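Trainee: Below you will find the structure I want to go over with you.
Protein chains: 2
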Amino acid sequence: MATSKATAQWNGTLKEGNGVMKYSNFEGPFTYASRFEEGKGTNPEELVGAAHSGCFSMYLSAILSADNFPPTSVKTSALVHLGEDDGPKITSIDLNCEAEVPGLDADKFAQYAQTAKEKCPISRLFAGTEINLSAKLIG
Amino acid sequence: MATSKATAQWNGTLKEGNGVMKYSNFEGPFTYASRFEEGKGTNPEELVGAAHSGCFSMYLSAILSADNFPPTSVKTSALVHLGEDDGPKITSIDLNCEAEVPGLDADKFAQYAQTAKEKCPISRLFAGTEINLSAKLIG
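As structure tokens, this is what we get:
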């Protein structure tokens, strides 16, 4: 269907070194401090969270649109928790969604949101973690 | 250990709508065309590929450094294949790594690279796909 490309480079050791992640027209520098402390720069978990919230929002729009409930907007945030379990591990991701969908009731919306959580391709990719969803109709 | 945050918004239907993914100081617009066709913008798979290549490169540096083989550089590209299997699915990710590591032989390097492929936290997160690794010492 589609192939996407990205690259990264790390120079030097874990703690003194530095890296950059690149895709499209974006270059994101990262370091040990930007990943594990409060240092300036980005980290892989931020990209993973953005990909997940983006894919979930698009997929939810797709299944709502297919059933003639085109959403005005779907806003989703992702909190990506990096912990430890026999080495570093993404222990969970919290998705928090607020959507404006004319004509849809809350119970039906909750079912659509649950389906998007289970079926969107980034959720399917992230089989190695627990995904927690909170979804609310607004507007 | 660390929590990272990102957000996204999708407006309108799947095909006519548009979205944006945000984290750190980055805003990446995306559309149906930028995900499934050749349209301008980014998509979740590019972010996922950047996160994977970045995490793999950093983790490989970490385990090499811990054994007193600090790498000069670790460069990794990711090809993320979005296909179909009972709905849209990331069917595989190809990681291609070239690293400059003074004093290390090719066989030992291959073992470190294999370990990074299995143990880096983004690989562990991506349990829902097949990860193919090609890794080569250079320099």
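So the sequences go chain by chain: A and B.
The first sequence begins at 6 in my numbering and counts up one residue at a time.
The second sequence begins at 6 in my numbering and counts up one residue at a time.
Note that CB positions come from ideal geometry on N, CA and C, so glycine has one too.
These numbers were taken from a predicted model, which means no experiment stands behind them.
#1: Note down the Cα distance separating A/Ala140 from A/Glu50, rounded to an integer number of angstroms.
#2: For B/Leu109, tell me which candidate among B/Lys27, B/Leu138, B/Ser70 has the shortest Cα-Cα distance.
#3: Report the rounded CA-to-CA distance for A/Ala13 versus B/Ile98, giving the unit in angstroms.
#4: Please check if any C-beta of chain B sits within less than 9 Å of the C-beta of A/Gln119.
#5: Looking only at C-alpha atoms, which of A/Gly88, A/Ala115, A/Lys124 sits nearest to B/Asp91?
#6: Tell me, please, whether the CB atom of B/Val106 is closer than 9 Å to any CB atom in chain A?
#7: Could you check if B/Ala67 is buried or exposed, using at least 16 other CB atoms within 10 Å of its CB as the buried criterion?
#8: Can you tell me whether A/Met63 is buried or exposed, with buried defined as 16 or more other CB within 10 angstroms of its CB?
#9: Quick one, are the C-beta atoms of A/Ala7 and B/His86 less than 9 Å apart?
#10: Determine the closest residue to A/Pro107 out of A/Glu42, A/Leu52, A/Leu84, A/Leu142, with distance taken between C-alpha atoms.
#11: So if DSSP puts B/Gly24 in a beta bridge, which residue, or which two residues, is it bridged to?
#12: Taking the alpha carbon of A/Ala118 as the point to measure from, which residue in A/Asn101, A/Leu130, A/Thr134, A/Phe35 has its own alpha carbon closest?
#13: Taking B/Val79 as the reference, which of B/Leu138, B/Glu103, B/Leu52 has the closest Cα?
#14: DSSP on A/Gly54, reduced to helix/strand/coil?
#15: Taking a cut of 7 Å between CB atoms, which residues from the stretch 14–37 of chain A lie near chain B?
#16: Helix, strand or coil, according to DSSP, for A/Asp90 in the structure here?
#17: Looking at B/Glu105: is its Cβ nearer than 9 Å to the Cβ of B/Thr81?
#18: Does any C-beta atom of chain A lie closer than 9 Å to the C-beta of B/Ser70?
#19: I'd like to check one pair, A/Lys113 with A/Phe61: are the Cβ atoms closer than 9 Å?
#20: To the nearest angstrom, how far is it from the Cα of B/Asn137 to the Cα of A/Gly144?
#21: What's the C-alpha gap between B/Thr10 and B/Leu130?
#22: Taking only three categories from DSSP, how would you classify A/Leu65?
#23: Suppose you measure from the CA of B/Leu52 to the CA of B/Phe74; what does that come to, to the nearest Å?
#24: Is there a Cβ of chain A sitting closer than 9 Å to that of B/Ile143, yes or no?
Mentor: Taking the coordinates as given:
#1: Rounded to the nearest angstrom, the two C-alpha atoms are 22 Å apart.
#2: When each option's Cα is compared against that of B/Leu109, the closest is B/Ser70.
#3: Going from the Cα of A/Ala13 to the Cα of B/Ile98 covers about 14 Å.
#4: Answer no: the Cβ-Cβ gap between A/Gln119 and chain B never drops below 9 Å.
#5: Residue A/Lys124 is the option with its Cα nearest to B/Asp91.
#6: Put simply, the CB of B/Val106 is far from chain A, with every gap to its CB atoms at 9 Å or more.
#7: B/Ala67 is buried by the Cβ-count criterion.
#8: Result: buried.
#9: Closer than 9 Å, so yes.
#10: The shortest C-alpha separation from A/Pro107 is found at A/Leu142.
#11: Paired residue(s): B/Trp15, B/Phe35.
#12: When only C-alpha atoms are compared, the closest one is A/Asn101.
#13: Nearest to B/Val79 by alpha-carbon distance, out of B/Leu138, B/Glu103, B/Leu52, is B/Glu103.
#14: DSSP places A/Gly54 in helix when its eight states are reduced to three.
#15: Listed by position, the residues of the stretch 14–37 of chain A near chain B (Cβ gap below 7 Å) are Gln14, Trp15, Asn16, Gly17, Thr18, Leu19, Gly22, Gly24, Met26, Lys27, Tyr28, Ser29, Phe31, Gly33, Phe35.
#16: Note: A/Asp90 maps to coil in three-state DSSP.
#17: Annotated as distal: B/Glu105 and B/Thr81, with beta-carbon spacing of 9 Å or more.
#18: By this cut-off, B/Ser70 is an interface position.
#19: Result no, Cβ atoms of A/Phe61 and A/Lys113 do not sit closer than 9 Å.
#20: Cα to Cα, the separation comes out at about 45 Å.
#21: Note on identity: in this sequence residue 10 of chain B is Lys, with Thr being the wrong assignment. Their backbone Cα atoms lie some 16 Å apart in a straight line.
#22: Here A/Leu65 sits in helix by DSSP.
#23: So the alpha carbons of these two residues sit roughly 29 Å apart.
#24: B/Ile143 does not count as touching chain A.
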